[in-house]
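Chains as they are written, first to last, in my numbering: chain A, 1 to 406; chain B, 1 to 140.
Backbone N, C-alpha and C fix where the C-beta goes; we use that ideal spot for every residue, glycine too.
This one's a predicted model, so the numbers in the text were calculated from it and none came from an experiment.
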Amino acid sequence: MSSRFSLIAMAVAAALPTVASAVDFSYSGFSTAAYSQSDTDLADVGYTSQPDGIDKDGSFETDSKLGVQVSAKFNEMFSATVQGVAYADLTGDWEPRLDWAYVRAKATQNLSFRAGYLRAPTFMYSDSIFIGYANTWVRAPLEVYNLSPVYQIRGVDVTWSTQLGAFTVTFNPYFGDSEVDVSSQTIDVPEWKGLATTVNLGSWQARVGYSQVDLESDRNSLAALTNALLAVPVSMCGGCAGEVSRLSIDGAQVENLSLGVQFDDGTNFVATEYAETSADGNYVLPDRSAAYITYGRRFGSFMPYATLAGQRRDQGFTTNAIPSTGPLAALNATVNAVIAAAGGTDQDSYSVGVRYEVPSFSVVKGALVKLQFDHIDADGRGNLNNVQPGFDGKVDMISASFDFIF
Amino acid sequence: MRSLKTILSVCALTLAAAGANAEVIVIVNPKNPAANLSAEQVAALYLGNSNTFPDGSAAALADQPESAGIRGTFYEKATGRSAAQAKATWARLTFTGKGTPPKELKSDADVKAFVASDPKAIGYIDSSAVDGSVKAVLKL
C-alpha cells in the first residue's frame, strides 16, 4: 500500500504547481449494506476464489461496501480524484483499499486523459460494479462478472467522445499493469490493454469491450507434475512438454470480449451482455462464455426486475496431448485430474427482485432497498467457491441490501 | 367556521390552479448563442450524455433542491425520468470519474443569479421567476 500512496503523493505534487488560489474540493460517498443467505453449506456464492462467501450461515461481507471519494478541481483542465472503498477482496478480507486515485487532464470538452489507479471497464458495468445505488441488482450477474478477477489497473486511459449524426460514440482505450491477491497467490499483470467503445442513441446504449491481460505468477504448486512432463522423451510424447505452459497461469495471456446493450426509457429497463474469456486453451483458466439479460419495469418508486444468466465452459476436461494408454497413462490421469479441478464449469441462474427508492433524508442524498431471490443451477461446481462433496449444483439464495449515496 | 372553510377551499383551488399552470423554463446566460434548446438536448446534459451546448462550448449545470417540486417536474418533462433515476445515473458517472453532477442551488432566485453570472451556465426555474437577466430557451 505504501508504494500506492507515494505514487499518489507524487501525482498530487506534480499537479500542485497548477493549483490556483481556489482549489475546488468535493466530497461524496456510497455504501451498500447487504445480507445474503443460501440454503446450502456445500458451496459458497462469491467472487473468484474467495475463501468465504454466501452460504447457509449468511454473509454480510460479500456484498457490503463503503466508499468515499474526494475530488480536487484545480482549474478547467486539471483535477485529481481519490476513492477509497472498503469491501471483501478476493482473499476474503473486508478492509479499506485505494480503489481509484488519478489525475485527470481535460484537453477539450470531449477528450480527457487520466493517469493513476483506475478500474478497468472490462465488462459493461465493471467500473461501477460497487455502486449499488446506480445498479439494478444486489450484485452484478456473477456468470459474466466472475469471468475476469482483476479489476484495478495502474496506468492511463483516454476518453474521447464524438458525435456521428444522432449517435454519440465514446472510445475509451486504456493501458497499464496490475496485480491481484487471490487466496492462494499474488498474480502479476505486467501488461494490460483494452478498448471500450460505447454508442449512445436516446434510450439506447450499445457497448463493445475488448482487453488483453498478461499474467505472471511465481507460484508453481504443480512442480512435480511439470517436471515429470518435461522429463518425458519427445519420442514418447511429442505434446508433453507443451502441456507444461497450459498448466500454469504464469505467462498466460487472457483475452476478454464483451458485447452489451442497455435500454432505459425511464419506465422499462433492459440490460443484456454477452462475454467471453479465452487464454489459448490454458487448463487453469479454461475458455468460458457467459451472458445475462435483465428486465425491470418501474412503477413509481418500485422496480421489480428479473434476470436470466448462464455460463458455459468452452473447453473440455481432458488432455489430448498425452497418451491415455501405455506407459504414460498415469501421467495422463494426473493431468486430467488437474484439469477437472480447475476453473469454472457450466452454470445457469435466474433471479427476481424488487428495487425501491427510499426518500432521501439527512446527509443521505439517495437510498434504495433491494430484495432479491436467486436460484443457481450448476453443472458440477459452476463458478461457486468451496464446493464440497455431495453438492447437487442447486442453490437458492435470498439477499437484502440498503444502498445509499452521501 | 364557514368563512374559514371557504378561505381554505379558495386557497386549495388557487394552489391547484398554480400547480396546473406552473411551467418550468430552462434558462441560459444571455451571452449563450443558442436561441432555443430541444428537450433532447437538455436531457443529454442533465443525464450526463453530453457536457456541451450544441455549439460545442462547455456547459455548467444548475439543479434545484431535492425538496423542491420543480426538480421532479423538470426531470419528468425534460428527460422522461424521475429525479431519483437521474441521481442514480449521476452516481455512476461521479464514482467512475466520468462526470460531475449539476450544482445544487437553493431556489429559483439562486439558479437565476448563477445563470446570469456565468456564460456557460444552464438551469431551470418557474416561469414566474424569469426576467431579463437570463434567456429562456425551452418551455416544459
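Chain-ordered residues of the region 166-177 of chain A with a beta carbon less than 8 Å from chain B: T168
By how many angstroms is the C-alpha of R114(A) removed from the C-alpha of T334(A)? Reading the first sequence from its first residue, position 334 is the one you call residue 334(A). Reading the first sequence from its first residue, position 114 is the one you call residue 114(A). Roughly 47 Å between the two C-alpha positions.
Buried or exposed: which applies to E40(B), given that a residue is buried once 16 or more other Cβ atoms fall within 10 Å of its Cβ? Locating residue 40(B) in the second sequence gives position 40, counting from the first residue. Counting Cβ neighbours within 10 Å, E40(B) comes out exposed, since fewer than 16 surround it.
With 16 other CB atoms within 10 Å as the buried threshold, where does L61(B) fall? As a working mapping, residue 61(B) is identified with position 61 in the second sequence. Answer is buried; the Cβ neighbour count reaches 16.
Run through chain B and tell me which residues come within less than 7 Å of I131(A), C-beta to C-beta. Your numbering for residue 131(A) matches position 131 in the first sequence. Ordered by position in chain B, the residues that pass the 7 Å Cβ test against I131(A) are A91, R92 and F95.
In chain order, what residues of the same chain have a beta carbon less than 6 Å from the beta carbon of L229(A), not counting five sequence neighbours either side? For this step, residue 229(A) is matched to residue 229 along the first sequence. Scanning its chain for C-beta atoms nearer than 6 Å, with the 5 sequence neighbours on each side dropped, one finds around L229(A) the residues C240, E243 and V244, in chain order.
Tell me whether V42(B) sits in a helix, a strand or coil according to DSSP, three-state version. Taking the second sequence and counting its residues from 1, the one referred to as residue 42(B) is at position 42. Three-state DSSP puts V42(B) in a helix.
Buried/exposed call for K394(A), threshold 16 Cβ in 10 Å: Position 394 of the first sequence holds residue 394(A). By the neighbour-count rule (16 or more Cβ atoms within 10 Å), K394(A) is not buried but exposed.
Any 3 or more C-beta pairs closer than 8 Å across the region 350-361 of chain A and the region 23-35 of chain A: no
Suppose the cutoff is 6 Å on Cβ atoms and the five residues either side in sequence are ignored; what does the same chain contact list for N303(A) look like? Locating residue 303(A) in the first sequence gives position 303, counting from the first residue. Sequence check: residue 303(A) is Met here, not Asn. So the list reads G296 and R355, once near-sequence residues are dropped.
Among S128(B), G123(B) and A129(B), which has the Cα closest to the Cα of V137(B)? Taking the second sequence and counting its residues from 1, one reaches residue 137(B) at position 137. The option with the nearest alpha carbon to V137(B) is G123(B).
Is it true that the region 76-85 of chain A meets the region 94-104 of chain A, where meeting means three or more beta-carbon pairs spaced less than 8 Å apart? yes
Taking only beta-carbon positions, decide if F30(A) is within less than 8 Å of chain B. As a first step, residue 30(A) is located in the first sequence; it is residue number 30 there, counting from the start. Answer yes: the Cβ-Cβ gap between F30(A) and chain B drops below 8 Å somewhere.
Please check if any C-beta of chain A sits within less than 8 Å of the C-beta of R71(B). Counting from one through the second sequence, the residue named residue 71(B) turns up at place 71. Chain A, which has no Cβ nearer than 8 Å to the Cβ of R71(B), makes this no.
If we ignore side chains and look at the alpha-carbon of each, how far apart do V180(A) and L147(A) end up? Within the first sequence, the letter at position 180 stands for residue 180(A). Within the first sequence, the letter at position 147 stands for residue 147(A). One C-alpha to the other measures close to 15 Å.
Under the three-state DSSP convention, the category D24(A) falls into: One-based indexing of the first sequence puts residue 24(A) at position 24. Strand, per DSSP.
Am I right that W137(A) and T345(A) are in contact with their C-beta atoms under 8 Å? What's the rounded C-beta distance? Numbered from 1 along the first sequence, position 137 holds the residue referred to as residue 137(A). Numbered from 1 along the first sequence, position 345 holds the residue referred to as residue 345(A). Between W137(A) and T345(A), the beta carbon gap of about 23 Å keeps them out of contact (Cβ cut-off 8 Å).
If contact means a Cβ-Cβ distance below 8 Å, which residues of the region 46-69 of chain B contact chain A? N49, S50, N51, T52, G56, S57, A58 and E66
List the residues of chain B whose Cβ lies closer than 9 Å to the Cβ of R104(A), in chain order. Taking the first sequence and counting its residues from 1, one reaches residue 104(A) at position 104. In chain order: G97.
On a CA-only basis, which of I131(A), Q69(A) and L142(A) is nearest I376(A)? Give me that one, please. Position 376 of the first sequence holds residue 376(A). Looking at the Cα atoms, L142(A) is the closest of the given residues.
Mapping DSSP to helix, strand and coil, what is R119(A)? For the purposes of this step, residue 119(A) is taken as the residue at position 119 of the first sequence. Strand at R119(A).
CB contact flag (A291(A), V144(A), <8 Å): Within the first sequence, the letter at position 291 stands for residue 291(A). Within the first sequence, the letter at position 144 stands for residue 144(A). Result yes, Cβ atoms of A291(A) and V144(A) sit closer than 8 Å.
Helix, strand or coil, according to DSSP, for S349(A) in the structure here? If you number the first sequence from 1, residue 349(A) lands on position 349. In this structure, S349(A) counts as strand in the three-state DSSP scheme.
Below 8 Å on the Cβ atoms is my guess for P173(A) versus V150(A); work out the distance and round it to an integer in Å. Translated into the one-based positions of the first sequence, residue 173(A) becomes position 173. Translated into the one-based positions of the first sequence, residue 150(A) becomes position 150. Actually they do not touch by this definition, with Cβ atoms about 17 Å apart.
Cβ atoms of Q262(A) and Q205(A): under 8 Å apart, would you say? Taking the first sequence and counting its residues from 1, one reaches residue 205(A) at position 205. Taking the first sequence and counting its residues from 1, one reaches residue 262(A) at position 262. Cβ atoms of Q205(A) and Q262(A): closer than 8 Å.
On the three-pair Cβ rule with 8 Å, is the region 158-167 of chain A touching the region 317-330 of chain A? no
Would you verify that the beta carbon of K103(B) is, or is not, closer than 8 Å to some beta carbon of chain A? Mapped onto the second sequence, residue 103(B) falls at position 103. By this cut-off, K103(B) is not an interface position.
By the criterion of Cβ-Cβ separation under 7 Å, what are the contact partners of T122(A) in chain B? Here the question's residue 122(A) lines up with position 122 in the first sequence. Neighbours of T122(A) on chain B: none; closest Cβ ~13 Å, over 7 Å.
S2(A) - DSSP class collapsed to helix/strand/coil: Counted from its first residue, the first sequence places residue 2(A) at position 2. Note that S2(A) scores 45 on pLDDT, short of 50, meaning its location in the model is unreliable; the coordinates nonetheless yield the value given after this. In this structure, S2(A) counts as helix in the three-state DSSP scheme.
Might you give, ordered along the chain, the residues of its own chain that have their beta carbon closer than 6 Å to the beta carbon of D108(B), omitting 5 neighbours on each side? One-based indexing of the second sequence puts residue 108(B) at position 108. I125, D126 and A129, listed in sequence order.
Strictly under 8 Å for the Cβ-Cβ distance: is M1(A) near chain B by that measure? Locating residue 1(A) in the first sequence gives position 1, where the first residue counts as 1. Reliability fails at M1(A), whose pLDDT of 40 lies under 50, so the model's placement of it is uncertain and the value that follows must be treated cautiously. For M1(A), the answer is no, since every Cβ of chain B falls outside 8 Å of its Cβ.
Using a cut-off of 9 Å between C-beta atoms, extract the partners of G80(B) located in chain A. Numbered from its first residue, the second sequence carries residue 80(B) at position 80. Those within 9 Å of G80(B) in chain A are S203, D265, G266 and T267.
Is D403(A) helix, strand or coil by DSSP? Against the first sequence, residue 403(A) aligns to sequence position 403. In the structure shown, D403(A) sits in a strand (DSSP, three-state: E or B).
Looking at V24(B) and K135(B), is the spacing between their C-beta atoms short of 8 Å? Counted from its first residue, the second sequence places residue 135(B) at position 135. Counted from its first residue, the second sequence places residue 24(B) at position 24. Going by C-beta atoms, K135(B) is not nearer than 8 Å to V24(B).
DSSP on A147(B), reduced to helix/strand/coil? Since the first and last residues shown for chain B are 1 and 140, residue 147(B) lies out of range.
Below 7 Å on C-beta distance, what does L85(B) contact in chain A? Numbered from 1 along the second sequence, position 85 holds the residue referred to as residue 85(B). First, the amino acid is wrong: residue 85(B) is Gln here, not Leu. Correct list: G266.
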